[in-house]
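Numbering (my numbering), first residue to last: 628 to 1022.
Written out as structure tokens, the structure reads:
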């Protein structure tokens, strides 16, 4: 019986995978191949309570996928895989929903690589390797950007010469679409109303972070833009800055534009502000012990998030709920409390006891009596990919 979907999330030197039953949401197998192409390349997998480790010794993505096949065979899951779902970061304007992959779709994903040069080429490696390893199975691409293709022009256009959009596709695309779509649907269930009658702001907070305004199940605005660098302060990304800073930093450090963009992506955000770490847990502990850099980094993070949430409310006719998700959003009661304290003007207030309970996988409402609704929802991007794949593959 082919009742599982193999979900693949391929990075430049990693391959994350899971075998999921899309109807129950249960992942029979999860794993990660990392440091691919290096002497330390390895694969680890978890099957129930059993853990497996494989040394790949310089192997790349092909070796990793072959190792995934071996693990599936050893666990008896190979014959239960009915389709393969792939996370793809950028679908440009071409892809407004998930699609079955053929050679033409592969070529379109490749064409979008200019918009996501750090992500799409790696995603495409995973697609090509998996199609070779599973030639008889249907493959589906699920795009991070697709959910935000419903944004109106006034939300996605930059105030730059229109020819740059018309000729080069330079516009705001948004990311984390799989997470925003998943948690919006979950939030609607918690509210006890149809998703098609909900006005939500969803905040996906992790090392990468973004927020979105979701009206009746459709994204109408989001904080990320052409790339994932725009918007909120993140673990190592700066978020919004004055564009002139690229030139100023380049001149000050004698660096190229590419080097400055790398600094803004990998050495900024919480890490850059604190001079300590990009991990929110580490920074909270350090701030409690008096580390000034950690304290100011968290204050900037929470302030900017509150400011963007307030701004996103302009995209909605009303606001039925604010939803926190992602590693920080699901587990940092402190961050949630700090953000809500800055949103009193919008009618938000926190129930400290409920907020403290909603950590470690516990979801639910955290608002005080008389407040607008605030929910913590656990995201599951892999399950959404599995569901889309199952629906499109017809297995």
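Backbone N, C-alpha and C fix where the C-beta goes; we use that ideal spot for every residue, glycine too. Just so it is clear, the structure is predicted and the values come from calculations on it, not from any experiment.
Please report the Cβ distance between residue i and residue j, rounded to the nearest whole angstrom; I am assuming they are in contact, meaning their Cβ atoms lie under 8 angstroms.
i, j, result
"residue 714", "residue 750", "7 angstroms"
"residue 920", "residue 901", "4 angstroms"
"residue 767", "residue 1016", "4 angstroms"
Determine the closest residue to residue i out of the options, with distance taken between C-alpha atoms.
i, options, result
"residue 980", "796, 969 and 961", "961"
"residue 704", "661, 678, 633 and 729", "633"
"residue 723", "943, 801 and 819", "801"
"residue 861", "913, 993 and 928", "928"
"residue 908", "955, 646 and 869", "955"
"residue 933", "863, 831, 745 and 631", "831"
"residue 629", "648, 636 and 641", "648"
"residue 889", "856, 806 and 728", "856"
"residue 665", "639, 680 and 677", "639"
"residue 949", "915, 883, 874 and 807", "807"
"residue 938", "683, 844 and 848", "848"
"residue 652", "1021, 1014, 1019 and 1020", "1014"
"residue 903", "884, 885, 887 and 924", "924"
"residue 678", "699, 688, 940 and 833", "699"
"residue 758", "959, 733 and 788", "733"
"residue 635", "753, 687 and 697", "753"
"residue 943", "926, 885, 816 and 839", "839"
Over the uninterrupted beta strand (DSSP E) stretch that includes residue i, give me the two end residues.
i, result
"residue 637", "631–637"
"residue 661", "654–661"
"residue 644", "642–647"
"residue 714", "708–715"
"residue 678", "677–682"
"residue 1002", "1001–1003"
Going by DSSP, what residue range makes up the alpha helix (DSSP H) through residue i?
i, result
"residue 696", "688–702"
"residue 879", "872–880"
"residue 731", "730–738"
"residue 757", "747–760"
"residue 672", "Run containing residue 672: none in the alpha helix (DSSP H); it sits in the beta strand (DSSP E), 669–674."
"residue 909", "907–915"
"residue 782", "780–783"
"residue 768", "That residue, residue 768, is in no alpha helix (DSSP H); its beta strand (DSSP E) goes 766–770."
"residue 902", "Element bounds for residue 902: n/a, residue is neither H nor E."
Does the separation of the CB atoms of residue i and residue j fall below 8 angstroms?
i, j, result
"residue 922", "residue 852", "no"
"residue 898", "residue 905", "yes"
"residue 990", "residue 977", "no"
"residue 658", "residue 672", "yes"
"residue 725", "residue 770", "yes"
"residue 974", "residue 945", "no"
"residue 796", "residue 712", "no"
"residue 708", "residue 646", "yes"
"residue 844", "residue 823", "yes"
"residue 775", "residue 742", "no"
"residue 641", "residue 670", "no"
"residue 1008", "residue 805", "yes"
Closer than 8 angstroms, CB to CB, is residue i near chain C or not?
i, result
"residue 852", "In summary, chain C is missing from the structure at hand, where a single protein chain is found."
Please tell me whether, using a cut-off of 7 angstroms, the distance from the CB of residue i to the nearest non-hydrogen atom of the ligand PLP is below it.
i, result
"residue 909", "The ligand PLP is not part of the structure shown, which contains no ligands of any sort."
Mind listing, in chain order, the continuous beta strand (DSSP E) runs of no fewer than 3 residues lying wholly within the segment 788–866? 826–832, 836–842 and 845–849
For a minimum of 3 consecutive residues, which ranges assigned as the beta strand (DSSP E) are wholly contained in the segment 947–997? 948–952
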